[in-house]
Amino acid sequence: MIDVIIENHNDNERNASRHFRNSAVILEFPMGFPHTDMASRRSTAIRQVSRWPRRPSDFDRWPGWLLLLLGLLPGLALGWLAIQSTIATGLLILLLIPAAGRAGWRPRLVWDEHSLPVGLQPDSDGGQSLPESPTPPYPIQDQMIELMALPAGRFWMGSDQRLDPDSYADERPRHRVRLSAFAIARRPVTRGLYRQVMSDAPSSWSTDDSDDDLPANALDWEQALLCCNALSVQAGLQPCYRRRLWRWVCNWRASGYRLPTEAEWEYACRAGTESRWFWGDYASKADTFAWFNANSDGKPHPVGEKAPNPWGLFDMSGNVWEWCWDRWQGHYLLAGRRNPHGPLLGVGRRVLRGGSFVLQPRYLRSAARLWDLPEGRLALIGFRCVRGSVRQHDH
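My numbering applies: residue 70 is where the sequence shown begins, and numbers increase by one.
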């Protein structure tokens with residue numbers, strides 16, 4: 070804040086002080102209005118009072134470095150708490166928005182569309198229209214796996230309690246996501262396929278090939294990554310995963326197989342639908358499409374025996390949970406809107422999707438989600454592979 074006092078050479082005349090922001094500016098212009106002798110009257114004094122705001126409410130004019138410094142320690146603490154607490158996440162956002170504005174960033178909050186007044190609900194993403202399914206999905210017999218090529222598109226991810234009374238808090242807020250084209254396996258990885266490229270089959274599996282068509286279950290998250298890499302090498306593709314120090318990183322441009330992101334999985338499961346399950350809003354048809362507690366006899370079943378979803382994908386609901394790449398976060402408040410890969414940091418838990426053969430239909434909904442530790446090897450968990458746009462890599 071600059072307080073500038075403009076004085077006349079004529080002691081009988083003074084102009085009122087004027088305020089200028091951010092930098093001292095020397096003013097020199099004719100004074101003494103309405104006098105006609107303009108040349109002899111010039112500004113002679115400029116006084117800079119202070120650049121600091123006079124009231125706490127003026128914090129939007131504080132230097133950006135100060136805001137960042139003041140927010141660093143509580144920001145780190147809230148950042149850690151945000152992994153578990155929705156309230157802490159909200160406090161972190163409110164703390165960082167002023168500093169982000171000073172730095173030229175424009176934070177974008179993800180709102181549930183039903184919480185906005187009518188007339189303010191967005192009907193497009195970024196002002197650009199993108200059809201839900203520009204081209205229909207089509208099957209591809211890849212080198213190792215039968216895939217379904219899915220088009221780029223947008224969809225509503227998550228659920229809203231007013232639309233789905235069975236939804237959980239970790240499925241909210243419902244938000245719009247845009248994805249690039251990719252290809253996903255029509256079925257989960259089977260035990261037979263796993264044995265072709267890996268030598269560490271769980272001891273709970275059969276020692277012969279009688280269970281080749283069962284889902285490859287009781288595998289941890291890291292085994293799923295290693296299998297994806299092994300399948301890529303076998304097919305002559307570039308592996309997606311490599312270990313860097315203590316963590317795994319993914320090369321999203323690689324041509325090989327990988328786990329789906331959570332957004333890719335839900336996009337594929339919904340298959341253009343917005344209902345609670347991909348077959349509709351009522352659980353009564355679950356027996357046609359899924360293995361669950363009422364029809365599975367408490368065990369996994371060969372993949373592909375139930376009817377597929379509208380995009381030709383089998384076992385997207387029920388049979389076994391499926392590993393996703395993403396780290397777990399118990400809400401979507403900070404979820405990305407374009408090709409999200411999940412939180413960059415977080416506790417050591419990974420997302421599971423799809424439900425399993427021991428659960429009720431409520432847990433088979435398209436938005437239902439769960440987590441497990443990466444080293445978890447439950448019989449309820451399997452996985453399926455995806456590839457980046459096959460058209461992009463192969464043509």
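For every residue, glycine included, the Cβ atom is placed at its ideal position computed from N, Cα and C. Quick caveat, the model's predicted, so the values are computed rather than measured.
Which residues in the same chain as residue i place their Cβ atom closer than 7 Å to its Cβ, once the five residues preceding and following it in sequence are excluded?
i, result
"PRO371", "ASP282 and LEU283"
"GLY417", "LEU442 and PRO443"
"ASP280", "ARG260 and TRP274"
"GLU343", "TRP225"
"GLN265", "none"
Excluding the 5 residues preceding and the 5 following residue i in the sequence, name in chain order all residues of the same chain whose CB lies nearer than 6 Å to its CB.
i, result
"ARG446", "ALA287 and ASP289"
"TYR432", "GLY424"
"ILE436", "Contrary to the premise, residue 436 reads as Ala rather than Ile in this sequence. Once the five neighbours on either side are set aside, the close Cβ partners of ALA436 are GLY227, SER228 and GLU240."
"ARG407", "ARG247"
"ARG434", "ARG345 and TRP346"
"SER236", "SER228 and GLN230"
"ASN378", "ALA340, PHE347 and MET385"
"PRO208", "MET217"
"PRO271", "ALA287"
"LYS354", "TRP348"
In this structure, what does DSSP give as the bridge partners for residue i?
i, result
"GLU374", "DSSP, once it has assigned bridges, lists no residue as partnering GLU374."
"MET217", "PRO208 and ILE253"
"ARG247", "ARG223 and ARG407"
"ASP441", "ARG419"
"TRP346", "GLY349"
"GLY451", "GLU391"
Along the beta strand (DSSP E) that carries residue i, what are the first and last residues, could you check?
i, result
"PHE224", "222-226"
"PHE251", "251-254"
"ASP395", "390-396"
"ARG456", "455-457"
Which residue marks the beginning of the alpha helix (DSSP H) containing residue i, and which one marks its end?
i, result
"TYR336", "331-339"
"ASP356", "355-358"
Considering only residues of the same chain and omitting the five flanking positions on each side of residue i, which have a CB-CB separation below 8 Å?
i, result
"LEU421", "TRP390, GLU391, TRP392, CYS393, ARG438, LEU439, TRP440, ASP441 and ILE450"
"ALA285", "PRO257, VAL258, THR259, ARG260, LEU262, TYR263, CYS296, GLY451 and PHE452"
"PHE426", "TRP360, PHE361, ASN362, SER365, GLY367, LYS368, PRO369, HIS370, GLY387, ASN388, VAL389 and LEU449"
"GLU444", "ASP289, TRP290 and GLU291"
"PRO205", "PRO220"
"CYS319", "CYS309, TYR310, ARG327, TRP394 and HIS410"
"TRP380", "PRO206, MET217, LEU219, ALA337, ALA340 and GLY341"
By a C-beta neighbour count over all protein chains shown, 10 Å radius and 16 as the cutoff for buried, is residue i buried or exposed?
i, result
"GLN212", "exposed"
"LEU216", "buried"
"PRO329", "buried"
"GLU82", "Its pLDDT being 41, under 50, GLU82 is placed unreliably by the model, and the measurement read from it follows with that caveat. Label assigned to GLU82: exposed."
"SER228", "buried"
"PRO242", "buried"
"TRP346", "buried"
"LEU414", "exposed"
"ARG419", "buried"
"SER273", "exposed"
"GLN429", "exposed"
"GLY457", "buried"
"LEU294", "buried"
"ARG396", "buried"
"TYR326", "buried"
"TRP321", "exposed"
"LEU145", "exposed"
"GLN398", "buried"
"GLU333", "buried"
"GLU472", "This structure leaves residue 472 out entirely; the chain is present only between 70 and 464."
"ASP233", "buried"
"LEU141", "exposed"
"LYS375", "buried"
"ALA299", "buried"
"LEU382", "buried"
"ALA252", "buried"
ask   = Along the chain, which unbroken stretches of the beta strand (DSSP E) at least 3 residues long are found entirely within the stretch 262-328?
value = 310-313 and 316-319
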